[in-house]
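Residue numbers (the numbering used here): 39 to 608. Glycine residues also receive a C-beta, built at the ideal position from the N, C-alpha and C atoms. Every value quoted in this text rests on a predicted model; they were computed, and no experiment measured them. Reading through the structure tokens given below for one structure.
Rendered as structure tokens:
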């Protein structure tokens with residue numbers, strides 16, 4: 039192994055173990071204001087970073103109709119320097135991050151920690167707020183928080199109780215009427231409400247807050263920057279751009295257009311035909327004739343996205359142990375179709391279901407790697423670079439597209455895909471990102487002789503990814519993404535959406551940092567006029583999940599860029 043790399047696994051593992059115990063036992067004691075309009079609950083303190091989960095009461099207007107009480111609150115993960123000020127208003131900077139499509143606050147865990155740590159090393163105390171969208175209120179983390187994979191499966195799929203609680207089931211469209219109105223207007227209003235509640239002094243917000251996001255979060259930030267929140271364009275203290283000292287974009291751009299996010303929304307999702315026009319689409323959402331949350335038949339629905347977190351639980355609980363998750367899961371069409379899509383090496387395997395994932399021997403880490411690594415999962419916006427398979431022969435994965443095809447659509451990424459080749463054979467393990475290229479690396483190659491990967495293309499520690507997915511109180515994914523948020527942005531030229539851009543100059547009113555993944559959604563079409571920082575070898579999720587020390591021994595570039603941007607004189 040390259041001894042210049044610093045993995046720091048032991049402290050992180052201990053931190054996760056302690057967190058799992060606290061989540062399971064309910065040992066947190068939240069602090070709350072006298073009127074219970076705000077709670078702040080400790081999560082963990084390690085490596086000089088203190089993490090809490092903050093909830094602020096912010097009821098929706100009555101016009102939204104009936105909704106769960108939990109959805110009257112806004113939530114975020116707050117990361118701050120343990121040696122810094124306790125009050126956010128006294129921090130040197132506060133970075134506020136909007137998540138991407140189908141993404142929750144937990145996805146920011148690594149980049150938030152890395153950025154806070156890097157700034158503290160330079161004598162600066164900054165905070166990083168990873169926002170949850172309001173619709174994440176529908177998620178039930180009880181099974182995941184148990185820290186045990188079998189317990190989680192029993193809770194979500196077999197009707198088993200955890201701590202006296204029974205899972206109420208995945209929420210159907212008939213229960214999501216209130217989400218028919220949860221579009222871009224309410225989303226940016228929620229960010230404004232949260233900022234003004236947490237930092238009441240507008241001068242502090244304008245001086246110290248950096249607003250940004252990942253993927254779709256860049257577009258949401260664009261609408262926030264151009265919004266007016268008091269209904270009077272002539273008074274600008276409330277304007278979005280006057281709540282921020284600058285903007286940051288992570289594998290996206292700060293804009294009011296979806297044009298830079300090609301490939302972020304799969305074609306087989308249930309997004310309505312926006313050619314029907316704003317009024318017809320809205321009527322369909324209101325009536326329930328159209329789906330109020332975004333989903334797809336494979337992977338992108340609440341039931342199967344829950345599997346990602348469960349896989350993370352297994353990778354934390356017993357990383358090198360042989361996984362029984364594929365055989366322990368219940369047999370149903372949704373899970374079976376997803377497994378076939380993700381683990382079939384060719385069309386024939388997908389159609390016949392043989393060999394199936396349960397026919398292979400895989401460690402728990404290898405299961406998570408199979409679900410999230412760019413050499414395995416085909417969907418580009420779900421890809422990270424966490425290492426590679428090990429322990430047995432590897433084959434090309436030619437489904438759903440041919441490996442090495444120059445006509446691969448952006449949706450599926452450009453990396454060669456690989457899959458274990460021997461069912462009922464050896465135990466396939468996972469070679470972590472920082473062991474790729476080591477002397478004992480088999481150096482697996484595709485059938486055309488192309489190496490599947492190299493050290494420079496692996497950037498995320500699989501245990502850190504597992505921690506983000508399974509050991510956070512707020513989810514890595516977003517199970518109930520509001521359809522209206524997508525249709526609003528796709529109908530940006532409609533009068534109903536155009537009216538929200540009150541201050542178009544807000545996009546250029548503050549300095550902007552754009553950080554792009556070298557192999558991410560904008561690969562090959564980098565907007566040079568933005569003078570972006572490009573993280574070589576990174577995939578779309580790597581800008582959030584990458585390890586603090588890279589295989590070249592250098593500090594992680596995304597958090598380094600954010601730290602430098604946060605040092606910009608106010």
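Under the three-state DSSP convention, the category residue i falls into
{"i": "residue 540", "result": "coil"}
{"i": "residue 493", "result": "helix"}
{"i": "residue 91", "result": "strand"}
{"i": "residue 462", "result": "coil"}
{"i": "residue 499", "result": "coil"}
{"i": "residue 401", "result": "strand"}
{"i": "residue 112", "result": "strand"}
{"i": "residue 596", "result": "helix"}
{"i": "residue 340", "result": "helix"}
{"i": "residue 205", "result": "coil"}
{"i": "residue 453", "result": "coil"}
{"i": "residue 601", "result": "helix"}
{"i": "residue 520", "result": "strand"}
{"i": "residue 564", "result": "coil"}
{"i": "residue 573", "result": "strand"}
{"i": "residue 555", "result": "strand"}
{"i": "residue 240", "result": "helix"}
{"i": "residue 582", "result": "helix"}
{"i": "residue 156", "result": "helix"}
{"i": "residue 447", "result": "The pLDDT assigned to residue 447 is 44, lower than 50, so where the model puts this residue is not dependable; a value taken from the coordinates is nonetheless given after this. Note: residue 447 maps to coil in three-state DSSP."}
{"i": "residue 535", "result": "helix"}
Proximity winner among the options, relative to residue i (alpha-carbon distances)
{"i": "residue 590", "options": "420, 129, 473, 332", "result": "473"}
{"i": "residue 552", "options": "155, 255, 192", "result": "255"}
{"i": "residue 248", "options": "267, 279, 239", "result": "279"}
{"i": "residue 88", "options": "165, 104, 102", "result": "165"}
{"i": "residue 339", "options": "372, 270, 365, 508", "result": "372"}
{"i": "residue 243", "options": "131, 419, 433", "result": "131"}
{"i": "residue 419", "options": "477, 558, 185", "result": "558"}
{"i": "residue 167", "options": "547, 159, 236, 108", "result": "236"}
{"i": "residue 83", "options": "116, 105, 96", "result": "116"}
{"i": "residue 92", "options": "604, 285, 114", "result": "114"}
{"i": "residue 245", "options": "272, 273, 283", "result": "283"}
{"i": "residue 433", "options": "99, 489, 318, 402", "result": "489"}
{"i": "residue 485", "options": "100, 464, 312, 431", "result": "431"}
{"i": "residue 518", "options": "213, 101, 331", "result": "331"}
{"i": "residue 415", "options": "79, 297, 441", "result": "441"}
{"i": "residue 232", "options": "539, 94, 514", "result": "94"}
{"i": "residue 568", "options": "287, 110, 101", "result": "287"}
{"i": "residue 411", "options": "396, 217, 234, 349", "result": "349"}
{"i": "residue 328", "options": "307, 299, 337, 347", "result": "307"}
{"i": "residue 606", "options": "183, 549, 110, 588", "result": "549"}
{"i": "residue 413", "options": "543, 399, 381, 402", "result": "381"}
Integer Cβ distance of residue i from residue j, believed to fall under 8 angstroms
{"i": "residue 585", "j": "residue 502", "result": "6 angstroms"}
{"i": "residue 580", "j": "residue 422", "result": "5 angstroms"}
{"i": "residue 257", "j": "residue 508", "result": "Not confirmed; about 28 angstroms, so no contact."}
{"i": "residue 292", "j": "residue 600", "result": "Actually they are not in contact, since the Cβ atoms of residue 292 and residue 600 sit about 14 angstroms apart, beyond 8 angstroms."}
{"i": "residue 323", "j": "residue 522", "result": "6 angstroms"}
{"i": "residue 253", "j": "residue 141", "result": "7 angstroms"}
{"i": "residue 437", "j": "residue 469", "result": "The Cβ separation is near 23 angstroms, so there is no contact."}
{"i": "residue 163", "j": "residue 202", "result": "That belief does not hold up - the Cβ atoms of residue 163 and residue 202 are roughly 41 angstroms apart, past 8 angstroms."}
{"i": "residue 264", "j": "residue 294", "result": "6 angstroms"}
{"i": "residue 208", "j": "residue 341", "result": "6 angstroms"}
For residue i: DSSP bridge partner residues
{"i": "residue 425", "result": "470"}
{"i": "residue 252", "result": "288"}
{"i": "residue 360", "result": "401"}
{"i": "residue 80", "result": "90"}
{"i": "residue 327", "result": "Per DSSP, none; premise fails for residue 327."}
{"i": "residue 117", "result": "89, 166"}
{"i": "residue 355", "result": "Answer by DSSP bridge pairing: none, since residue 355 is not bridged."}
{"i": "residue 434", "result": "456"}
{"i": "residue 411", "result": "422"}
{"i": "residue 550", "result": "285"}
{"i": "residue 136", "result": "251"}
{"i": "residue 141", "result": "515"}
{"i": "residue 227", "result": "Paired residue(s): none; residue 227 is not in a bridge."}
Start-end ranges of the beta strand (DSSP E) lying completely within the segment 268 to 321, minimum 3 residues: Look at the segment 268 to 321 and you find these whole runs of beta strand (DSSP E), each 3 residues long or longer: 284 to 288.
Uninterrupted alpha helix (DSSP H) stretches inside the segment 160 to 201 (no shorter than 4 residues): Counting only runs of at least 4 residues, the segment 160 to 201 fully encloses the following alpha helix (DSSP H) elements, listed from N- to C-terminal order: 180 to 183, 187 to 195.
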